[in-house]
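Which chain is which? The protein sequence lines are A and B, in order.
The opening residue of the first sequence carries number 2 in my numbering; numbering runs sequentially from there.
The opening residue of the second sequence carries number 721 in my numbering; numbering runs sequentially from there.
In this text, a Cβ means the ideal position worked out from N, Cα and C, and glycines have one as well.
Heads up, the thing below is written out as structure tokens.
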Amino acid sequence: MWFPRLASDRALRRRAVEGPFALPFALVQKQASADRLVCLNATAETLGLHRGMALADARVYCPDLVTAPADPPAEARFLETLRRWATRYCPWVGRDGEDGLVLDVTGATHLHGGEAAMLDDMRARAARAGLALRAGLADTRGAAWALAHHGEGIAAPGDTLTALGPLPVAALRLPPDTVTGLQRLGLRLVADLAAAPRAPLARRFGRGPLARLDQALGQMPDPVTPQPDPPHYGIRLSLPEPIGLARDVMAGTERLLDRLCARLQEDEAGARILLLTLRRVDGDSRQVELRLASPMRDPARILPLFTRGIEAVDAGFGIDQLRLEAARTEPLPAQQLGGPVNAGGPTLDDLVTRIGTRIGLENVLRYLPADSHIPERGFSAAAAAFSTPESGWSSPRPRPLRLFPPEPIAASGPHPPARFRWRAMTLATARATGPERIAPEWWLPDESWRHGTRDYWRIETGQGRRLWLFHTPAAPGWFVQGEFP
Amino acid sequence: MQPNLHSFPLRPGRVHEVCGPGATSFAAIVAASGAGPVLWVRQDWVTEILNPVGLAAFFDPARLLIAQAPSQSDALAVTEEALRDGSVPLVVTEITRPLDLRQGRRLQLAAGTGGSTGLCLIPEGMGSNAAETRWHASPRLAPDGADSTALRWELIKNKTGTLGAWDVRWDETAHRLHVVSPVGERPGPAQARG
């Protein structure tokens, strides 16, 4: 199956422009410093545009061209979706390049009413989805590819060469320069190539063209590699009668959790985000999200963490379906039982999860050391659930215990003031240690450092408070930024 | 007078309070005298932040977990949850409004269940009746000049013992607390005067 315009069809499906096929449309990608067309719709092709054309040239030919940026990862995901859809025809489906699928339909065609009926069904369904589809069916993968790309149809079993013969040599999946070389020799059709003596061809072009020909004719193996389905961790529980009590929902969740965790156990995975969808009888649904501080698959530990979320759900007239999905999983290998007990490990993670359900997991933080001499940037805060503690805290000079945004005080001159007022207190300097000059990091512009270098002083006041003051020589001023223990 | 610091380390399974300008260093010293993780609950609108680089003089900041709550009631809920759980030996909470009797009592019960120590950093004069002990910590100007972490700790409320006041000093290299004898009662030549 070949989707000649997969990318632009996908983009047009999403845009849902009125009469999408009427206007010329193209996807544009920046290649080698120029915007080039990578995929066009049928209208654009009839107007003489082609792939690889520069966007500026295309606009000259066709001023009303509609364009959109190409998105290769999304196209790959879309092809993956199509691959899963294609398993409705046979279980053995692989991807072929960026815009094709290859199906091994051996022994599956009669389920769809024969080969021709199956291809018609494929075309009809693709057309309904707004996708251009060209399908070829043959004994071998190479022959089917040739038929799909160059002239569609079905090759009769055992008679591949007859079907392929009138096709150009490009149908053999050959690189463009080989195709040009073969054409210069007068070998334009597959039939010509098959009839030509093999030894001189192999000497001139290497094994490429002959190997492709043999693959197409079934004389060399060319297997179809099916893609594995990604594991899916979603489980549903439908109820004959709606339920409304939190206790009942918890009991249902427990059953789902047991099954989900058994499946996770098989794959040695642990859930990181769990989504519980409660469908109500009125068709509405409520979702409970549980973000765990570490990958887990122990139902007895996960279940209590759901309590808070489930109690907050408005059950309405009752809930008749529960669906539990592990939206994100991480590998969690089985661990040895016994041995030295990891101090505070799992229970601390549970606590972080519980706190996270109240204030958000991203608000439980951990400080990590950062390599900067700027006081505010000497550390970074990271979510505790997604980081590991790091050591290596050191400072060559004493640093304050508390930091606050710089608070200006009335003082002048490069030396610390003998008396000053700060936060409605009159303080007298008893001892001053400094200055320690800190220059801003020029590679990271920071608005609060716009006054340039700072001279930091550690001031011990007669009243007891030990403050961290700084003076900015470039724009004279004194500020308090921190307090020492 | 023997300068022994009774009621310190803080009694576990109870909630204590500390106020005054040296409250943060008091909490840091409490954390340094214990082991295991420390949960520090703060409110996210407070601009004054804890500096882990400065904290490293007291204990390893890798032990520290920060919970940022949007309001005081959320901060108290997080504190209660952590105290009841008991997997964190010390929970420090920064409080901006006075606790009422019920909130203070809930925290006490949670700490009793989990066996963790709770420590509330309170603004001066906002103590709760339920607190086990209340301390007032303030930095002092050391008279001799060399000593730069002199602190005065006053025990201003104690449910199970006597009150007191001590001059203490944190030794950054040895990571331990020294109780300094009050001036005038030091051993040595000073006694000859009297």
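Annotation for M251(A): L304, F307, T308 and I311 place their beta carbon closer than 8 Å to its own, counting only its chain and skipping 5 residues before and after. In this structure L325(A) does not touch L265(A) by the C-beta definition: roughly 11 Å separates them, more than the 8 Å allowed. Of the residues P401(A), T107(A) and E484(A), the one whose Cα lies closest to the Cα of T141(A) is T107(A). Near chain B, meaning a CB-to-CB distance below 8 Å, the residues of the segment 403-414 of chain A are R403, L404, F405 and P406. Counting the other Cβ atoms within 10 Å of the Cβ of M119(A) gives 16 or more, which makes it buried.
Out of L83(A), C40(A), A27(A) and A217(A), the CA that lies nearest to the CA of C63(A) is found in A27(A). Taking CB atoms only, L349(A) has a neighbour in chain B less than 8 Å away.
Between L83(A) and A335(A), the alpha-carbon positions lie close to 35 Å from each other. By alpha-carbon distance to P296(A), the top candidate from A316(A), R287(A), G319(A) and A272(A) is A272(A).
Excluding its 5 nearest sequence neighbours in each direction, V798(B) has C-beta neighbours in its own chain below 6 Å: V761, A787 and A789, listed in chain order.
For H472(A), the pairing in a beta bridge is given by DSSP as D456(A) and W479(A).
Excluding residues up to 5 positions away in sequence, L875 and I876 lie with their Cβ nearer than 7 Å to the Cβ of L883(B) in the same chain.
Boundaries cannot be given for G835(B), as no beta strand (DSSP E) includes it and DSSP labels it neither H nor E.
Cβ-Cβ distances below 7 Å link G49(A) to Y62 in the same chain, with the five nearest sequence neighbours on each side left out; the list follows chain order. Taken through DSSP and simplified to helix, strand or coil, V29(A) comes out as strand. Between the segment 835-848 of chain B and the segment 728-737 of chain B there are three or more inter-stretch CB-CB distances shorter than 8 Å, so the stretches are counted as touching. Straight across, the Cα-Cα distance linking I356(A) with E377(A) is about 27 Å.
Around the C-beta of H736(B), 16 or more other C-beta atoms lie within 10 Å, and the residue is accordingly described as buried. Residue G245(A) holds the alpha-carbon nearest to the alpha-carbon of R281(A) among E269(A), A217(A), G245(A) and P198(A). Beta-bridge annotation (DSSP): V94(A) is paired with L104(A). Taken atom to atom, the span from the alpha-carbon of S413(A) to that of G463(A) is near 20 Å. When CB distances to chain B are screened at a threshold of 8 Å, not a single residue of the segment 304-317 of chain A falls below it. Contacts with chain B at 8 Å (Cβ-Cβ) do not include I375(A). Rounded to whole angstroms, the gap between the alpha carbons of I439(A) and R467(A) is 20 Å. By alpha-carbon distance to L404(A), the top candidate from I274(A), P418(A) and F380(A) is F380(A). Taking one beta carbon from each stretch, the segment 441-449 of chain A and the segment 466-486 of chain A have fewer than 3 pairs nearer than 8 Å; the two do not touch.
Under the three-state reduction of DSSP, E377(A) is assigned to helix. Counting only the Cα atoms, Q288(A) lies some 35 Å from P227(A). Boundaries of the alpha helix (DSSP H) harbouring C262(A): A247 to E267, taken from the DSSP string. Within the same chain, and ignoring the five residues on either side of G152(A) in sequence, the residues whose Cβ sits closer than 7 Å to its Cβ are L168. Under the DSSP assignment, L186(A) falls outside any alpha helix (DSSP H); it carries neither an H nor an E label. For the segment 356-367 of chain A, the beta-carbon criterion of a distance under 8 Å to any beta-carbon of chain B is satisfied by I356, R359, I360, N364, V365, L366 and R367.
No Cβ of chain B is located within less than 8 Å of the beta carbon of E255(A). A direct Cα-to-Cα measurement between Y90(A) and L194(A) gives close to 34 Å.
Counting the other CB atoms within 10 Å of its CB gives S745(B) a total of 16 or more, which places it among the buried residues.
Put simply, the CB of S858(B) is near chain A, with a gap under 8 Å to one of its CB atoms.
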